[in-house]
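Residue numbers (the numbering used here), protein chains in the order written: chain A, 1 to 360; chain B, 1001 to 1335.
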Amino acid sequence: MKYVDEFRNRRHIAVLAELIAKEATRDYTFMEVCGGHTAAIHRFGIPSLLPPHVRLISGPGCPVCVTSARHIDALTALASGEDMTVALFGDLMRVPGTLMTPAEARAEGADVRLVLSAHEALELARLNPERKVVFSAIGFETTAPGTAVTVMQAYSEGIDNFFVLNAHKVMPPAMEVILREGTQIDGFICPGHVAVITGSAAFEFIPRKYGLACVVTGFEPTDILSAVMMLIRQVNRSRPSVEIQYRRAVSVAGNIKAQGYMNEVFEPADVEWRGLGVIPLSGLRLRDTYRHFDAAVFPVYLPESARPNGCICGDILRGVSRPPDCELFASLCTPDHPEGACMVSDEGSCNTWYKYHSHE
Amino acid sequence: MSEKITLSHGSGGRQAQALIRDHFAARFGMTGPMTDSALLAVPSSRIAFTTDSYVIDPLFFPGGNIGKLAVCGTVNDLAVSGAVPMYLSAAFIIEEGFEIDQLALIVSSMADEAEAAGVRIVTGDTKVVERGKCDRIFINTAGVGVLSEELMHISSGSSVREGDRLIINGPPGDHAVTILASRRNLSFDTPMRSDCASLNHLIRKVVERPSAVHFMRDLTRGGLAAVLNELAGMTRCGITVDESSVPVEEAVRGLCEILGFDPLTLASEGRVLIVAAADEADAIVERMHTDHQGRGTAIIGVITAGGDGRVILKSTTGGSRFLEMPSGQLLPRIC
């Protein structure tokens, strides 16, 4: 397939792996902070192509995994309302809230619909004027512009039965928290899709303030291996910077138009990340002009939150622990019966480990 | 406006009799008196017996419809067990208000597919439920086939051994992608068609030498990944699949790239996995290539010793990983 096969060329991959083996003269730990990278790294068997002293660990890059249980609780509570429809991305269906998953709420009769975009949720609102449609807005800079454009559309059409339960987040503050909390890494594999929107400039503070290597990369095996090699070179030369490997999609300034939409609709706000707690200014709140679309206007009863005993999703999201370190992993917590959020999504660290690694 | 199914079509009264006579019995070639059971002769003391229900949405899709699927699916379940499919039942649960023209199209496809597969639909049932109590039409088919002693080993995989080759008859996932695309109104440069087809004629060619074939299963829900894991679990053998040798349609690959699916986990309705003795595999592939349903046949992997029931995928990139049993429903990725 054009634009795919070229980046999966076995010979190019072998050459890159050889180069890495030659240049990797010490121990290196790099963190990827995008769920898409986590999934690609394991799907293509990248660790099996790297020398053992080049370690890749996963950070908080799966939007489903970092979505708080309270968001799920609010969704299921809203969905049980008489004239309410909740529209969400498929990945959220099986994420455990405190009491139940959205899938379980649907089985109990709640009107929960799967959508592929915010626009699809707005269309539901147009088609069902008698119902209040709540869109579960999750994701990073990748999905936030879509929500922003949709909210602007609803505003200009004067639609009054469309609402957003907002859990959007932005990535750079979370990366900073991880560094402040002392996770030991040599550099970041920076998120490619996020950077398409933000531009690589969003990560400049990392080499400047923390002296760590950064490479923005794509999602194909040659992309990821090239990025690992570039990171190793930055470390070896003690010259940390933000390099763009993913030049076919990413620029320094990013997608100015999308940034404009986000800025029009949202303002920075504190937000809770599952496993990381509240991170200042890492979330996006609807600005006053658009505040009436906020599903927070509906009063819902939220149960006392309770974390499953022994679940270490928080440590895994910070890169402090790896999935097999969790005593629930592959025993009590499996993709069929996820206890923690990292096991739910296809891009979650635990789910990926379960799928692609040895376990008993 | 076309005629619609009403509750009285399921009442057992005059309308019900007329529906059965004009739309089912006539089309399925049931000429004898209406009895409670079909009385059948089978030329063997060993039969294979299976049943499946069909609730697909949309009812009509490129390459088939719920009726064709209901025949193919059950014929294939019999055929991959090594049996020669002979008789089917067909039971319909129809929602009040369903258009009789649509029903006629569905029944017609069933009759055509049964004829092509060489099976007879010999008994059936119709129920009509109130509007909203089912989604337009559900179909159940059961099937009976006859089985020779020398093919009894196929469904259990008990003869599978180290060195056996894995063969599939074409690219997997076309059915799933076609359904997904119809549901989401996605279109492709090259139009996708479901692979929905009866495989019993192809499979007759495969089992020409019964001892050469050690296992067969059709690649329905869960796709190749599910079938390989079931086989590995049943036999405790290892399985190694070479990803680059698995044929996949461009459109399927494209959609999988966009939505984050793995083609190896997508359902087909006209694809079969065959495990064959190493020294017979090439001859089987050659015979399969002569059949319309076997033109895309390829050898994709091998049975290994001591894999302890795990499936290893050698990826196109040169790395390798476990190919796991798919879990949950297919979820599109969100970023």
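Quick reminder that beta carbons are idealized off the backbone N, C-alpha and C, glycines included. A quick note: this is a predicted structure, and the numbers were derived from the prediction, not measured.
Check, Outcome
"CB of Arg10(A) within 9 Å of CB of Gly1318(B), strictly", "yes"
"Among Gln184(A), Gly158(A) and Phe188(A), nearest to Glu32(A) - alpha-carbon criterion", "Phe188(A)"
"Buried versus exposed call for Ala253(A) [16 or more other C-beta atoms within 10 Å across all chains shown]", "exposed"
"Between the CA atoms of Ala144(A) and Met93(A) - distance to the nearest angstrom", "20 Å"
"Best match in Thr1074(B), Ala1016(B) and Met1234(B) for proximity to Ser1156(B) [C-alpha to C-alpha]", "Met1234(B)"
"Three-state secondary structure (DSSP) of Glu181(A)", "coil"
"Ordered list of alpha helix (DSSP H) runs contained in the segment 1109-1196 of chain B, each at least 4 residues", "1174-1184"
"Test item: CB-CB of Lys132(A) and Gly81(A) under 9 Å", "yes"
"Bridge-paired residues (DSSP) for Cys190(A)", "Val216(A)"
"Proximal residues to Leu1059(B) (C-beta, below 8 Å), its chain only, five neighbours per side dropped", "Asn1065, Ile1066, Gln1102, Ile1106, Arg1136 and Ile1137"
"Below-9 Å beta-carbon distance, Glu1324(B) vs any chain A residue", "yes"
"Nearest-angstrom Cβ-Cβ length linking Leu1088(B) and Ala1114(B), presumed shorter than 8 Å", "7 Å"
"Ala79(A), buried or exposed, once every other Cβ within 10 Å from all chains shown has been counted against 16", "buried"
"Given Leu1266(B) as reference, the closest of Arg1184(B), Leu1224(B) and Gly1306(B) once Cα atoms are compared", "Leu1224(B)"
"Neighbourhood of His359(A) by C-beta distance below 6 Å, restricted to the same chain and skipping five residues each side", "Confidence in His359(A) is poor, its pLDDT being 38 and thus under 50, which makes the residue's placement too unreliable to answer from."
"Own chain, CB closer than 8 Å to Ala1111(B), minus 5 neighbours either side, in chain order", "Arg1027, Phe1028, Gly1029 and Ile1121"
"Host alpha helix (DSSP H) of Gly1254(B) (start-end)", "Glu1250 to Leu1259"
"9 Å Cβ cutoff, Ser1315(B) in contact with chain A", "yes"
"Between the CA atoms of Pro1062(B) and His1153(B) - distance to the nearest angstrom", "36 Å"
"Through-space distance from Cys311(A) to Met100(A), alpha-carbon basis", "17 Å"
"C-beta neighbour in chain A for Arg1236(B), strict 9 Å", "no"
"Terminal residues of the alpha helix (DSSP H) in which Asp73(A) lies", "Ala69 to Ala79"
"Leu1219(B) to Leu1273(B) span [Cα, whole Å]", "7 Å"
"Contact under 9 Å by Cβ, Ala1232(B) with Gly1307(B)", "yes"
"Bridge-paired residues (DSSP) for Ser1089(B)", "Thr1123(B) and Ala1142(B)"
"Inter-stretch contact (C-beta, 8 Å, three-pair minimum) for the segment 57-73 of chain A and the segment 1272-1287 of chain B", "no"
"Residue burial classification, Asn1169(B) (beta-carbon count within 10 angstroms, cutoff 16)", "buried"
"Residue(s) in a DSSP beta bridge with Cys333(A)", "Phe329(A)"
"Proximal residues of chain B, C-beta to C-beta of Tyr356(A) below 8 Å", "Arg1321, Phe1322 and Glu1324"
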